[in-house]
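Visitor:
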Amino acid sequence: MAEPHWLPRPQFRPRPQVNVLQLATAILATVAVTMLVTATPTLAEIPAKGKHTRLDSQQTAQDDSDFPRFAEPIANVTVSVGRDALMACVVENLKGYKVAWVRVDTQTILSIHHNVISQNSRISLTYNDHRSWYLHIKEVEETDRGWYMCQVNTDPMRSRKGYLQVVVPPMIVEGLTSNDMVVREGQNVSLVCKARGYPEPYVMWRREDGEEMLIGGEHVNVVDGELLHITKVSRLHMAAYLCVASNGVPPSISKRVHLRVQFPPMLSIPNQLEGAYVGQDVILECHTEAYPASINYWTTERGDMIISDTSRAGDKYETTSTVSGYTKYMKLKIRAVGPNDFGTYRCVAKNSLGETDGNIKLDEMPTPTTAIISEMSLLNRSYGKKTS
Ligand SMILES: *[C@@H]1O[C@H](CO)[C@@H](O)[C@H](O)[C@H]1NC(C)=O
Ligand SMILES: *[C@@H]1O[C@H](CO)[C@@H](O)[C@H](O)[C@H]1NC(C)=O
0 MAEPHWLPRP QFRPRPQVNV LQLATAILAT VAVTMLVTAT PTLAEIPAKG
50 KHTRLDSQQT AQDDSDFPRF AEPIANVTVS VGRDALMACV VENLKGYKVA
100 WVRVDTQTIL SIHHNVISQN SRISLTYNDH RSWYLHIKEV EETDRGWYMC
150 QVNTDPMRSR KGYLQVVVPP MIVEGLTSND MVVREGQNVS LVCKARGYPE
200 PYVMWRREDG EEMLIGGEHV NVVDGELLHI TKVSRLHMAA YLCVASNGVP
250 PSISKRVHLR VQFPPMLSIP NQLEGAYVGQ DVILECHTEA YPASINYWTT
300 ERGDMIISDT SRAGDKYETT STVSGYTKYM KLKIRAVGPN DFGTYRCVAK
350 NSLGETDGNI KLDEMPTPTT AIISEMSLLN RSYGKKTS
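Per numbering that gives the first Met the number 0, the sequence shown starts with residue 0, numbered consecutively.
See the structure below:
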């Protein structure tokens, strides 16, 4: 693509005796006409390559100190979308020549000399001693990304280009990203996360609690990419997952997706056989797992539901239940076991997907005279130790 420029043809060749005002007016008139004729106001074509080189070599043959010079390259600018950008062009020895800013990829003239040509109200111009020429772009948009050229209307035209990089912090595309999910154990699950931004964001999945994930038979901390695919999901996968998107432009962003895995109650009993002697307190234990949370209770051998009344101190039964995730630890305390308390107890767990139960047998043990004796001897031993 030919670079657009507003190089004045011979009639505009600047000479010291040319009236500056006339020149500016003439240039503006040319610009106006060109803008009328073509949608993109491309001005004169760049000279043919061979000719250009020849002109350049002629140029260097002349006394270069008479001509404007760029004091420094045009700095590339990187700016976050919505912020303001400033491109600077510093020309020494400008004399009667003019400086113009051109948007290269759209071939649009933005400013000539003191005038902003662009219709874009976000574009403005400031200058300093006819040496520094600043192109301001307010509230930068993604479409502003590209090359900007600073031209001086020497013949041949002299120019420098700088790149305006418009970066966009990552954002999650809600419509294309998974929301909280409830699935049955054993199903395959796909969590998807789509993110936008510039540069293209890097997306990964991890568990919010930092635990490893079992994915495709491997324990991993993070899964790279938009897709988190879990085959045969298990209750161990039940967690909050974070999709994290980052592209080096702060802030990074994440979305939390809760994965809930439903399964019918399961039950385990640490001791299915308990022994107690008459008069002793005993505790029976039962562990259950279920999601959604199950309703749990104990029954006696006759099938009566055991209701504990904790408000009544010294009640026969005390039931407690500690919840940790989808696990419940049930305890049944039987105070001062009597002859009628021996037998089979049952713990039951029910949820919408099913029901399960398990038995614990409480057997009578002989009154522990031996236990008392051994406790006594233990006391004597420690007493003996202390006095020795
Ligand atoms: C601007 O960026 C371009 C490539 O993107 C590079 O060639 C050029 O040297 C950069 N200019 C400056 C002044 O850093
Ligand atoms: C789950 O995925 C595995 C492996 O990709 C496949 O073999 C299986 O048929 C899938 N199961 C269901 C229920 O879609």
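Cβ atoms here follow ideal geometry from the backbone N, Cα and C, with glycine treated the same way.
Mapping DSSP to helix, strand and coil, what is residue 352?
Guide: Counting from 1 along the sequence shown, the entry for residue 352 is found at position 353. The answer is coil: DSSP assigns residue 352 none of H, G, I, E or B.
Visitor: I need the straight-line Cα distance from residue 286 to residue 222, nearest angstrom please.
Guide: In the sequence shown, the residue the question calls residue 286 occupies position 287. In the sequence shown, the residue the question calls residue 222 occupies position 223. Each residue's alpha carbon lies about 33 Å from the other.
Visitor: Sorted by chain position, which residues of the same chain lie with C-beta nearer than 8 Å to residue 234's C-beta, five sequence neighbours on each side aside?
Guide: Here the question's residue 234 lines up with position 235 in the sequence shown. Excluding sequence neighbours, residue 234 sits near 184, 260, 262, 288, 290, 325.
Visitor: Residue ranges of each beta strand (DSSP E) run of no fewer than 3 residues wholly in the stretch 305–350, ordered along the chain?
Guide: 316–323, 326–333, 342–350
Visitor: According to DSSP, is residue 284 helix, strand or coil?
Guide: Numbered from its first residue, the sequence shown carries residue 284 at position 285. If DSSP states are grouped into helix, strand and coil, residue 284 belongs with the strands.
Visitor: Please state if the CB of residue 97 and the CB of residue 152 are separated by a distance shorter than 8 Å.
Guide: Looking up residue 152 in the sequence shown gives position 153. Looking up residue 97 in the sequence shown gives position 98. Yes, these two residues count as a Cβ contact at 8 Å.
Visitor: Taking residue 71 as the reference, give the member of 87, 363, 78, 276 with the closest Cα.
Guide: On the sequence shown, position 72 is the one that residue 71 refers to. That would be 87, whose Cα lies nearest to the Cα of residue 71.
Visitor: Tell me the DSSP bridge mates of residue 142?
Guide: Counting from 1 along the sequence shown, the entry for residue 142 is found at position 143. In DSSP, residue 142 forms no bridge with anything.
Visitor: Could you tell me if the beta carbon of residue 72 falls within a distance shorter than 7 Å of some heavy atom in ligand 1?
Guide: Within the sequence shown, the letter at position 73 stands for residue 72. Yes.
Visitor: Grouping DSSP H, G and I as helix and E and B as strand, with all else coil, what is residue 236?
Guide: Within the sequence shown, residue 236 is the residue found at index 237, counting from 1. Here residue 236 carries a helix assignment [DSSP, helix/strand/coil].
Visitor: In this structure, how does DSSP classify residue 65 when only helix, strand and coil are distinguished?
Guide: Working through the sequence shown from its first residue, we reach residue 65 at position 66. If DSSP states are grouped into helix, strand and coil, residue 65 belongs with the helices.
Visitor: Would DSSP call residue 174 helix, strand or coil?
Guide: Here the question's residue 174 lines up with position 175 in the sequence shown. Note: residue 174 maps to helix in three-state DSSP.
Visitor: Any idea what DSSP makes of residue 156, helix, strand or coil?
Guide: Stepping through the sequence shown from its first residue, residue 156 is reached at position 157. Of the three classes helix, strand and coil, the one that applies to residue 156 here is coil, per DSSP.
Visitor: Can you list every residue whose CB sits closer than 5 Å to some heavy atom of ligand 4, going in chain order?
Guide: Here the bound small molecules are ligand 1 and ligand 2; ligand 4 is not part of this structure.
Visitor: Can you tell me which of the three DSSP states residue 129 falls into?
Guide: Here residue 129 corresponds to residue number 130 of the sequence shown, with the count starting at 1. Residue 129: coil per DSSP, three-state reduction.
Visitor: Excluding the five sequence neighbours on either side, which residues of its own chain have a C-beta within less than 7 Å of the C-beta of residue 60, listed in chain order?
Guide: Counting from one through the sequence shown, the residue named residue 60 turns up at place 61. The predicted model places residue 60 with a pLDDT of 44, which falls under 50 and marks its position as unreliable, so this point remains unresolved.
Visitor: If contacts are defined as beta-carbon pairs under 8 Å, then residue 344 and residue 332 qualify, I think. What distance do you get, rounded to the angstrom?
Guide: Taking the sequence shown and counting its residues from 1, one reaches residue 344 at position 345. Taking the sequence shown and counting its residues from 1, one reaches residue 332 at position 333. Between residue 332 and residue 344 the Cβ distance is about 12 Å, and since that is not below 8 Å, they are no contact.
Visitor: Rounded to a whole number of angstroms, what is the C-alpha to C-alpha distance between residue 171 and residue 269?
Guide: The residue you call residue 171 lines up with position 172 of the sequence shown. The residue you call residue 269 lines up with position 270 of the sequence shown. For residue 171 and residue 269, the distance between alpha carbons rounds to 47 Å.
Visitor: Between the stretch 162–177 and the stretch 136–144, can you find at least three pairs of beta-carbon atoms closer than 8 Å?
Guide: yes
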